[in-house]
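Novice: Sharing a structure with you now.
Protein chains in written order, with the working numbering: chain B, 1 to 125; chain W, 1 to 882.
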């Protein structure tokens, strides 16, 4: 399992990377592994507002569906349209495949470091 | 997960990195590191292993085992032969399912009932309660044996490696066998839950389970978990207990007849007595029949049915999601996910399965019974209404060895623009027909064993005036059986038919012949119809009884289509009330030569079934049929029967070099006149009954079932051509037949020497007919046949007796009759064998050499060709041509 040190993580298994004033959000290696083969991703549209702790979309694997919980509040400024046709990228490259980018950040969950996140996953796994 | 049960293969799964989950109280692999999608795809294109040892295995034995099973299952246990399995339901009194199950009969005196893992305890309790009334026992032997499902197009090949080449089971679904895999005893069933046309479930003693699993992995199979098992069964449309059976999301019982597959598992045979739930199931069946006829007045009995559903919008359906028609909720999704598939290109037999894959969102749903195929509905996917449609099915398995995904097509193909230039079309047609004639008659080497080329004289006569006339006629008793014609202008054709009948009687060696039938299939239909009519002749006040039992060659063992219940026998064969299947039984074949009837075993079959009709004859025929031996046996045993020989393929070989059917004891011979015989495409019936014989009445019935029973217009042009062909045959048969059989044997020998795998008995030169059969590798038949066609060699790909169907064909069926007529002898067949080996084994382009070889043999032999005949033909041709 891979936990890149440069990223921050939410307890609901999303990762966040700050790019200037924009939050780039994806799902962790642990999350994709637990889901299994991802077959469909449901994402918001550009301009939608998202709020901390609320679902901004969902990710469907063969086995199950899981909500994507937003670690920040703000306005969606970009959506990864590649995922519509190639959702399996979330399995093959979870940290190179972002879901959405959020600007006008107003609120943010208390994120944890790679080390802390790894410890959390050990307990859950 | 410590209190969970583990199968014999637990350590094998964890060692392979499987993710384990609780499944019905068992700790089972949901997936391996490759993941569900890869496992699903590997099953569809290669072979996967599934540990199904968790499923409940219950042994039922004791004197009243059949009576007990008839009472607690929906299926007809009496219909289950040794080494066969059947799908069944364990019904509840309310018409719902306690469980679904598979019943196996590996041994005469024991039945194995395999039930769902999660239901084993419940089922056992239910069955142990019921068994108290019967003198038999149920034993739970789940722990004694492991069970491994080996599923996918490569499964047969892998298992045959372990069996040392021995056939694993008969090729039919639900066949069973007990055999050795590298010294270990296994029981194998041709069953499975993936929908794969090639799939097996192997039972082995617990201690050997890991050995078998690892051995199969070494050979190239890959493990697959419960996740892939679920997506595979969903794509195949199979129900899963707890989803499509049991109770629906509202808690109501799902009636057994709501499940499409279940219908096949329910029998109302009188043999079953008053079994559990029978009365309710009979009501469901009646309601089901109304619903299928789109009469929805009894929907309260069967309010909903399980149907396939395909999502048209992007998204994924899951079990429990409501389905709407407008604002009305009409049911729920019962199973749903995204399922992967291999993309394909091309059409029909040239459909190519690509490496590219895609996914589709499909499911099963429990929907109002008035929903029809192609109906559009909406699925509530977490608050969003997504469009969906009801397709007829998600997958088909009638083109083995592959299961084929059926994708829902939204847009109809545009029909081609209308073009009304009929003159141009007419010209183009002439040009194309001329090209085709030139290619097939001059450039190709035709080895289709059911074809021949007719002489110029025959061709010309077929196209002459009678081709456009009528000549209905019937014998009238008042005129001492004189034929009375219904039309004028028929004196010529009347004479032709009389002459043809005489020629045919002489050729066949029998007392009567009917030549009005226009095909071999029609010959058989007329005979079957006559046999049935004759059987019922003394009682016309009841619905006539059909024929049964009938003994024939199984289609998969080379039997004629026209002697099968799916062919000409269809409307004349009875259904056995005990087995609820067509009253047909098949000739057993020799173990060491599947192309040969096993005479001793056949005698046992005849004694057991006492068939009223025995039909010899095959379309894949290498050897003589044992007519004399069986005639002697039925006479000695005093078994009343009719022996018929369908000689379609070998009609032109009747004589000293093959068989004389009537001398050997056949009563009726049918045939088609264009395979080894010299004629245009027609049929013929010969019988050897004499006036005064009891069965002479059967002959008269055959005549009346030919006309007016089968034909009104009996195609007088080809009847005229056939007379010429009969003259040719009677004149040249000795030299022609000798050459055909010698050529076939020599061709077989040359092909063998070229390294090809030739079927048949080497002791008799592989063949005693015009046919030569070559194996080119399982499933490769269509591809090799196409390659040969591109090289101007026309053959017929065929499934051999151990293959599943024509798309899985691994053999080429060839006949030498046409090329023998064009003068091919040893030298030409030897060269041809070499060219074919180059093309088949080395993929060389031999088209030019084939054309060259063909060009040096362009004269038709075994026909009249002297100068007088040439002059007469030219004059006649001038008359017809312009």
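Idealized CB from N, CA, C, for every residue including glycine. Note that this is a predicted model, so its numbers are computed, not measured.
#1: What are the partner residues of residue 57(B), as DSSP defines its beta bridges?
#2: Output, in chain order, the set of chain D residues within a Cβ distance shorter than 9 angstroms of residue 63(B).
#3: What's the C-alpha gap between residue 530(W) and residue 869(W)?
#4: Starting from the N-terminal side, write out each stretch of the alpha helix (DSSP H) that is 4 residues or longer and does not extend beyond the region 770–849 of chain W.
#5: What does DSSP give as the partner residues of residue 18(B) in its beta bridges?
#6: Assign residue 437(W) to one of two classes, buried (16 or more other C-beta atoms within 10 Å of its C-beta) or exposed (fewer than that).
#7: Using a Cβ-Cβ distance cut-off of 7 angstroms, determine whether residue 398(W) contacts chain B.
#8: So that I know if they touch, is there some Cβ in chain B lying closer than 7 angstroms to that of residue 387(W)?
#9: Please state the DSSP three-state secondary structure of residue 134(W).
#10: Where in the region 533–617 of chain W do unbroken runs of the beta strand (DSSP E), each at least 3 residues long, occur, reported from the N-terminal end onward?
#11: DSSP three-state label for residue 108(B), please.
#12: On a CA-only basis, which of 524(W), 618(W), 866(W) and 600(W) is nearest residue 573(W)? Give me that one, please.
#13: Leaving aside the five residues before and after residue 718(W) along the sequence, list all residues of the same chain whose C-beta is less than 8 angstroms from its C-beta, in chain order.
#14: Can you look up residue 213(W) in the DSSP assignment and give me helix, strand or coil?
#15: Could you tell me whether the Cβ of residue 359(W) comes closer than 7 angstroms to any Cβ of chain B?
#16: Measure the beta-carbon distance from residue 784(W) to residue 776(W) and round it to whole angstroms, keeping in mind my assumption that it falls under 8 angstroms.
#17: Below 8 angstroms, can you find three or more Cβ-Cβ pairs linking the region 200–207 of chain W to the region 144–157 of chain W?
#18: Just to confirm the assignment, what range does the beta strand (DSSP E) spanning residue 356(W) have?
#19: Please list the terminal residues of the continuous beta strand (DSSP E) segment that includes residue 101(W).
#20: What distance in whole Å lies between the Cβ atoms of residue 59(W) and residue 110(W), which are believed to be in contact at a cut-off of 8 angstroms?
#21: Just to confirm my understanding: we take residue 171(W), look at its own chain, exclude 5 residues before and 5 after, and list those with CB closer than 7 angstroms. What are they?
#22: Give the range of the alpha helix (DSSP H) segment to which residue 661(W) is assigned.
#23: By DSSP, does residue 223(W) sit in helix, in strand, or in coil?
#24: Kindly list the residues whose CB is nearer than 8 angstroms to the CB of residue 677(W), restricted to its own chain and excluding five residues on each side of it in sequence; keep chain order.
#25: Consult DSSP for residue 344(W) and reduce its assignment to one of helix, strand or coil.
#26: Taking a cut of 7 angstroms between CB atoms, which residues from the region 27–41 of chain B lie near chain W?
#27: Note down, in chain order, every chain W residue with its Cβ under 9 angstroms from the Cβ of residue 6(B).
#28: State the CB to CB distance for the pair residue 766(W) and residue 758(W), rounded to an integer number of angstroms; the pair is presumed to be in contact (CB under 8 angstroms).
#29: Going along the region 306–321 of chain W in order, which residues come within less than 8 angstroms of chain B, judged by CB to CB distance?
#30: Can you look up residue 512(W) in the DSSP assignment and give me helix, strand or coil?
#31: Given a threshold of 16 other Cβ atoms within 10 Å of its Cβ, counted over all protein chains shown, does residue 714(W) qualify as buried or as exposed?
#32: Please state whether DSSP places residue 413(W) in a helix, a strand or coil.
#33: Check whether the region 358–373 of chain W and the region 298–307 of chain W touch, using three or more Cβ-Cβ pairs below 8 angstroms as the test.
#34: Would the region 186–200 of chain W count as touching the region 232–246 of chain W if we require 3 or more Cβ pairs under 8 angstroms?
#35: Does the distance from the C-beta atom of residue 880(W) to that of residue 464(W) stay below 7 angstroms?
#36: Compute the Euclidean distance between the alpha carbons of residue 734(W) and residue 831(W), then round it to the nearest angstrom.
Specialist: Short version:
#1: 68(B)
#2: Although the question refers to chain D, the structure presented lacks it and instead comprises the protein chains B and W.
#3: 41 angstroms
#4: 781–790, 817–821 and 826–842
#5: 23(B)
#6: exposed
#7: no
#8: no
#9: coil
#10: 550–552, 584–586 and 613–616
#11: strand
#12: 524(W)
#13: 462, 467, 518, 679, 680, 681 and 682
#14: helix
#15: yes
#16: 5 angstroms
#17: yes
#18: 352–368
#19: 97–107
#20: 6 angstroms
#21: 556, 802, 803 and 804
#22: 661–664
#23: strand
#24: 452, 651, 652, 671, 725 and 729
#25: strand
#26: 36, 37, 39 and 40
#27: Per Cβ cutoff of 9 angstroms: no residues; residue 6(B) is ~27 angstroms from chain W at best.
#28: 5 angstroms
#29: 314, 315, 316 and 318
#30: strand
#31: buried
#32: Below a pLDDT of 50, predicted positions are generally treated as unreliable, and residue 413(W), at 44, falls in that range; the measurement from the model is reported next regardless. DSSP places residue 413(W) in coil when its eight states are reduced to three.
#33: yes
#34: yes
#35: yes
#36: 26 angstroms
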